[in-house]
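Those sequence lines, one after another, are chains B and S. Following the numbering used here, the numbering of the first sequence begins with 128 at its first residue and continues without gaps. Following the numbering used here, the numbering of the second sequence begins with 128 at its first residue and continues without gaps. We put the CB at the ideal spot given by N, CA and C, even for glycine. Taking it in order: structure first as structure tokens, then the write-up.
Protein chains: 2
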Amino acid sequence: MARSVSVVGGGVIGLSIAWRAARNGWSVKLYDPSIGSGASWVAGGMLAPLSEGWPGEESVLELGSASLDRWPEFGKELEAGAGVDLFTSEGSLTVALDGADAEDLRTIAEWVGAQGRDLQILNRAEVRALEPMLGRGVRLGLLAVDELAVDNRLLLQALQRCAVDAGVELIGEAVRSLDGLGTDQIVVTAGIASPALWPGLPVRPVKGEILRLRARPGVTPAPGRTIRGSVHGRPAYLVPRADGIVVGATQYESGNDTQVTVAGVRDLIADAEALMPAIGEYELRETSAGLRPMTPDNLPLIGRVSDRVVVATGHGRNGILLTPVTADATVALLEGSALVEAKAADPERFEKVAR
Amino acid sequence: MARSVSVVGGGVIGLSIAWRAARNGWSVKLYDPSIGSGASWVAGGMLAPLSEGWPGEESVLELGSASLDRWPEFGKELEAGAGVDLFTSEGSLTVALDGADAEDLRTIAEWVGAQGRDLQILNRAEVRALEPMLGRGVRLGLLAVDELAVDNRLLLQALQRCAVDAGVELIGEAVRSLDGLGTDQIVVTAGIASPALWPGLPVRPVKGEILRLRARPGVTPAPGRTIRGSVHGRPAYLVPRADGIVVGATQYESGNDTQVTVAGVRDLIADAEALMPAIGEYELRETSAGLRPMTPDNLPLIGRVSDRVVVATGHGRNGILLTPVTADATVALLEGSALVEAKAADPERFEKVAR
Numbered sequence: 128m129a130r131s132v133s134v135v136g137g138g139v140i141g142l143s144i145a146w147r148a149a150r151n152g153w154s155v156k157l158y159d160p161s162i163g164s165g166a167s168w169v170a171g172g173m174l175a176p177l178s179e180g181w182p183g184e185e186s187v188l189e190l191g192s193a194s195l196d197r198w199p200e201f202g203k204e205l206e207a208g209a210g211v212d213l214f215t216s217e218g219s220l221t222v223a224l225d226g227a228d229a230e231d232l233r234t235i236a237e238w239v240g241a242q243g244r245d246l247q248i249l250n251r252a253e254v255r256a257l258e259p260m261l262g263r264g265v266r267l268g269l270l271a272v273d274e275l276a277v278d279n280r281l282l283l284q285a286l287q288r289c290a291v292d293a294g295v296e297l298i299g300e301a302v303r304s305l306d307g308l309g310t311d312q313i314v315v316t317a318g319i320a321s322p323a324l325w326p327g328l329p330v331r332p333v334k335g336e337i338l339r340l341r342a343r344p345g346v347t348p349a350p351g352r353t354i355r356g357s358v359h360g361r362p363a364y365l366v367p368r369a370d371g372i373v374v375g376a377t378q379y380e381s382g383n384d385t386q387v388t389v390a391g392v393r394d395l396i397a398d399a400e401a402l403m404p405a406i407g408e409y410e411l412r413e414t415s416a417g418l419r420p421m422t423p424d425n426l427p428l429i430g431r432v433s434d435r436v437v438v439a440t441g442h443g444r445n446g447i448l449l450t451p452v453t454a455d456a457t458v459a460l461l462e463g464s465a466l467v468e469a470k471a472a473d474p475e476r477f478e479k480v481a482r
Numbered sequence: 128m129a130r131s132v133s134v135v136g137g138g139v140i141g142l143s144i145a146w147r148a149a150r151n152g153w154s155v156k157l158y159d160p161s162i163g164s165g166a167s168w169v170a171g172g173m174l175a176p177l178s179e180g181w182p183g184e185e186s187v188l189e190l191g192s193a194s195l196d197r198w199p200e201f202g203k204e205l206e207a208g209a210g211v212d213l214f215t216s217e218g219s220l221t222v223a224l225d226g227a228d229a230e231d232l233r234t235i236a237e238w239v240g241a242q243g244r245d246l247q248i249l250n251r252a253e254v255r256a257l258e259p260m261l262g263r264g265v266r267l268g269l270l271a272v273d274e275l276a277v278d279n280r281l282l283l284q285a286l287q288r289c290a291v292d293a294g295v296e297l298i299g300e301a302v303r304s305l306d307g308l309g310t311d312q313i314v315v316t317a318g319i320a321s322p323a324l325w326p327g328l329p330v331r332p333v334k335g336e337i338l339r340l341r342a343r344p345g346v347t348p349a350p351g352r353t354i355r356g357s358v359h360g361r362p363a364y365l366v367p368r369a370d371g372i373v374v375g376a377t378q379y380e381s382g383n384d385t386q387v388t389v390a391g392v393r394d395l396i397a398d399a400e401a402l403m404p405a406i407g408e409y410e411l412r413e414t415s416a417g418l419r420p421m422t423p424d425n426l427p428l429i430g431r432v433s434d435r436v437v438v439a440t441g442h443g444r445n446g447i448l449l450t451p452v453t454a455d456a457t458v459a460l461l462e463g464s465a466l467v468e469a470k471a472a473d474p475e476r477f478e479k480v481a482r
């Protein structure tokens with residue numbers, strides 16, 4: 128008889144674990160009252176662990192790199208299984224609008240290079256040659272040819288399709304307590320709702336707002352790569368889509384709501400225009416807000432917390448990026464082994480997590 | 128046997144004519160594939176003909192005043208018939224942010240006063256005493272105590288309810304030609320679609336974008352009155368709602384689409400913040416765009432164009448304001464008389480209108 132597992136939470140993390148476990152022969156039930164509607168739906172889909180690297184954050188870079196390396200194969204399988212095109216751009220370009228940011232880009236390039244990953248510094252002319260729609264305020268660029276972007280909503284659709292095809296049973300119910308689940312194993316993948324299911328998980332909501340723009344006839348073409356930059360100290364990014372651009376993202380520590388604020392939209396538009404002055408021509412197709420499940424150290428929580436329970440949550444700003452490595456690590460845990468690349472994400476690093 | 132009339136177009140104009148005609152004993156069919164979904168749905172609901180007055184535009188002021196005077200009674204009937212509260216504010220306050228605008232406000236106050244309507248000039252301190260949330264850049268105010276604002280979406284709901292209760296038959300079909308309509312009389316109330324139904328009507332679409340904000344807990348209270356102002360030469364307004372504020376509106380001569388642009392939202396937010404600095408705290412609940420049916424002289428087209436056909440269209444930015452007077456004038460035309468206040472709106476002033 129097949130081993131059975133309940134996956135509690137149907138974002139990209141839960142769906143990918145359910146899919147991979149089912150493919151490995153597990154009997155899988157996935158619980159979520161509204162599958163694919165949370166942070167995974169709102170996300171930008173930028174896969175940029177290298178250009179977000181920073182000296183001292185070795186563990187974050189290693190985990191992110193391990194997942195980025197898995198993405199091409201992981202994505203290809205989903206594309207084949209669901210008949211969609213997930214990848215919306217190859218390469219990312221981080222730009223500096225002032226001298227301090229330019230210094231930071233050189234620091235990142237040097238440090239990430241020392242970790243064996245390729246980042247290139249581009250001067251102003253090289254940046255403009257690559258992405259001529261960018262603003263004249265750009266002083267320096269950091270090109271990461273290996274980084275990617277995916278359409279997170281097509282990803283959700285593909286994961287759901289592949290999960291169902293692999294035999295996952297999707298159950299549209301909320302789980303209030305793990306006690307009622309009768310399976311051999313349980314995986315908690317409930318994002319910000321995870322601490323209510325397993326005591327002591329250090330996950331807090333960090334609200335983020337994001338815009339979805341659609342090209343109108345005759346607009347300036349979108350960048351070919353993901354564009355990242357810092358505007359007035361706020362991190363901003365433009366992620367290409369088949370039909371437009373996603374602009375992200377604000378960050379608020381306070382608040383547990385998903386209301387989009389006037390000030391948030393104002394800032395996002397201002398930052399997007401600083402990166403790409405002609406972006407005002409685009410249609411503002413959608414504004415939305417999500418709640419990122421953040422941890423104190425910006426690493427997720429992936430690990431076994433009891434004989435029956437594994438957690439895979441707390442992915443913060445990097446849920447889409449970390450999906451493949453989290454799926455691999457969690458299925459390994461279910462099957463009694465461990466993925467070495469995910470060791471740093473073990474929740475045992477936090478004392479207060481119940482066991 | 129009752130006289131019969133087809134009303135082609137189910138915005139506020141068509142619905143109010145249908146309602147009033149049915150109440151007068153007409154057998155009324157109203158045609159619209161999507162009742163209440165056009166410019167009437169997008170509108171702000173500001174009723175401000177006095178503070179929009181300008182020397183030389185006597186006819187516009189007279190028509191607007193005639194309709195404003197009808198609004199309290201007209202609205203009361205609808206409120207009673209549909210059980211809703213339509214009026215969201217009493218009084219409007221137009222503010223000047225620079226010396227040129229202050230001069231304009233004095234000109235308006237003087238000229239409108241000479242037409243026998245009451246407008247008051249307020250100094251900076253008086254403005255702040257009345258609406259303390261307004262920006263410190265306000266130099267002068269123009270108070271119109273008689274002006275009103277209505278919730279245009281509740282208005283549509285109330286009109287539809289009262290029309291049906293009065294016996295109007297709502298038909299969810301598009302009318303491509305008046306030829307197929309078998310009623311004794313026909314009224315064309317199709318906004319920008321009107322010229323396709325009656326040749327030569329000088330109505331063109333002028334796109335406008337508008338924001339709907341909702342109060343979040345703890346936000347700075349919304350103004351008690353409609354606030355109008357000019358920011359960087361762009362007219363802007365804040366219209367109170369039961370749950371927030373409507374911010375309008377952009378104006379584009381080009382384009383026949385209802386896509387909301389990034390630049391439009393950027394400008395609306397910037398202008399709203401110039402009027403009320405704390406407005407960024409509000410939720411950006413909705414962005415939308417509509418197509419105003421504009422005429423060359425900013426007066427609507429209300430008149431008989433043939434023995435069987437009356438038109439009531441081209442209301443531009445003032446469709447909600449002009450609803451009561453248009454309903455009265457059109458029903459009078461159907462019944463063989465004429466409303467003197469609406470004489471200036473007769474389409475006979477344009478030679479090319481077919482007869």
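> Out of curiosity, what's the CA-to-CA distance linking B/W325 and B/V438?
Replying inline: 9 Å
> If you measure from the beta carbon of B/V389 to each beta carbon in chain A, is any gap under 8 Å?
Replying inline: In summary, chain A is missing from the structure at hand, where the protein chains are B and S.
> Which parts of the segment 318–361 of chain B are runs of the beta strand (DSSP E), unbroken and 3 residues or longer, counting only runs that do not cross its ends?
Replying inline: 331–341, 353–358
> Just reading off the alpha helix (DSSP H) that S/P199 is part of, what are its end residues?
Replying inline: 185–209
>> Quick check on this structure: which residue in B/V254, B/A207, B/V211, B/L205 has the alpha carbon closest to the alpha carbon of B/A229?
In response: B/V254
>> Is S/N151 close to the ligand PLP? I mean its beta-carbon at under 7 Å from any heavy atom of the ligand.
In response: The ligand PLP is not part of this structure, which contains no ligands at all.
> Counting only beta-carbon atoms, is B/Y158 nearer than 8 Å to chain S?
Replying inline: Not flagged as an interface residue toward chain S: B/Y158, since no C-beta distance is shorter than 8 Å.
> Can you find a C-beta in chain S that's less than 8 Å from the C-beta of B/E408?
Replying inline: yes
> Which residues mark the beginning and the end of the alpha helix (DSSP H) in which S/D292 is found?
Replying inline: 279–292
> Which ranges does the beta strand (DSSP E) cover as unbroken runs of at least 3 residues, wholly within the segment 370–410 of chain B, from first to last along the chain?
Replying inline: 371–375
>> Buried or exposed, going by whether 16 or more other CB atoms sit within 10 Å of the CB of B/G180?
In response: buried
> Any idea what DSSP makes of B/V452, helix, strand or coil?
Replying inline: helix
>> Can you pull the chain S neighbours of B/I337, defined as C-beta to C-beta under 8 Å?
In response: Chain S residues near B/I337: none, gap ~13 Å exceeds 8 Å.
>> I'd like to know whether the C-beta atoms of B/M260 and B/A401 end up nearer to each other than 8 Å.
In response: no
> B/E217 lies in the beta strand (DSSP E); which residues open and close that run?
Replying inline: 214–223
>> Can you give me the C-alpha to C-alpha distance between S/I144 and B/S415, rounded to a whole angstrom?
In response: 39 Å
>> Cutting at 6 Å between CB atoms, please list the residues of its own chain near B/S321, excluding the five before and the five after it.
In response: V315, L328, V330, T440
> Can you list, in chain order, the residues of its chain whose CB lies under 8 Å from that of B/E410, leaving out five sequence neighbours each side?
Replying inline: L340, R341, A342, R343, G371
>> Output needed for B/S133: all residues of its chain with C-beta closer than 6 Å, excluding positions within five of it in sequence on either side, in chain order.
In response: K156, L308, T310, I313
>> Output needed for B/L338: all residues of its chain with C-beta closer than 6 Å, excluding positions within five of it in sequence on either side, in chain order.
In response: Within the same chain, Cβ atoms closer than 6 Å to the Cβ of B/L338 are found at V374, L395, T414, the five residues on either side in sequence being excluded.
>> Contact criterion: CB-CB distance below 8 Å. Does B/I354 meet it with respect to chain S?
In response: no
> Is the distance from the Cβ of B/V452 to the Cβ of B/A148 below 8 Å?
Replying inline: no
>> In the DSSP assignment, the beta strand (DSSP E) including S/G430 goes from what residue to what residue?
In response: 428–431
> Should S/H442 go down as buried or exposed, given a rule of 16 or more other Cβ atoms within 10 Å for buried?
Replying inline: buried
> Name the residues in the segment 209–238 of chain B whose C-beta lies less than 8 Å from a C-beta of chain S; which are they?
Replying inline: For the segment 209–238 of chain B, the set of residues with a beta-carbon nearer than 8 Å to any beta-carbon of chain S is empty.
> Near B/R244, which residues of its chain fall below 7 Å by C-beta distance, leaving aside the five closest residues on each side in sequence?
Replying inline: L177, S192
> Counting Cβ pairs, one atom from each stretch, are 3 or more of them under 8 Å apart for the segment 349–358 of chain S and the segment 421–431 of chain S?
Replying inline: no
> Shorter than 8 Å from the beta carbon of B/V315 to some beta carbon of chain S?
Replying inline: no
> In the DSSP assignment, what are the bridge partners of B/T440?
Replying inline: B/L428
> What span of residues does the alpha helix (DSSP H) with S/V239 cover, start to end?
Replying inline: 226–241
> Going by C-alpha distance, which of B/G141, B/K203, B/L267, B/N250 is nearest B/T215?
Replying inline: B/K203
>> Taking the alpha-carbon of S/A252 as reference, which of S/G264, S/L305, S/A241 has the nearest alpha-carbon?
In response: S/G264
>> Is the separation between the beta-carbon of B/L142 and that of B/A290 shorter than 8 Å?
In response: yes
>> So for B/T457, helix, strand or coil by DSSP?
In response: helix
> Would a C-beta distance cut-off of 8 Å place B/A376 and B/G172 closer than the cut-off?
Replying inline: No, the pair does not count as a contact, with Cβ atoms beyond the cut-off.
> Who are the neighbours of S/T422 on chain B, taking C-beta pairs under 8 Å?
Replying inline: Ordered by position in chain B, no residue passes the 8 Å Cβ test against S/T422, which lies about 27 Å from the chain.
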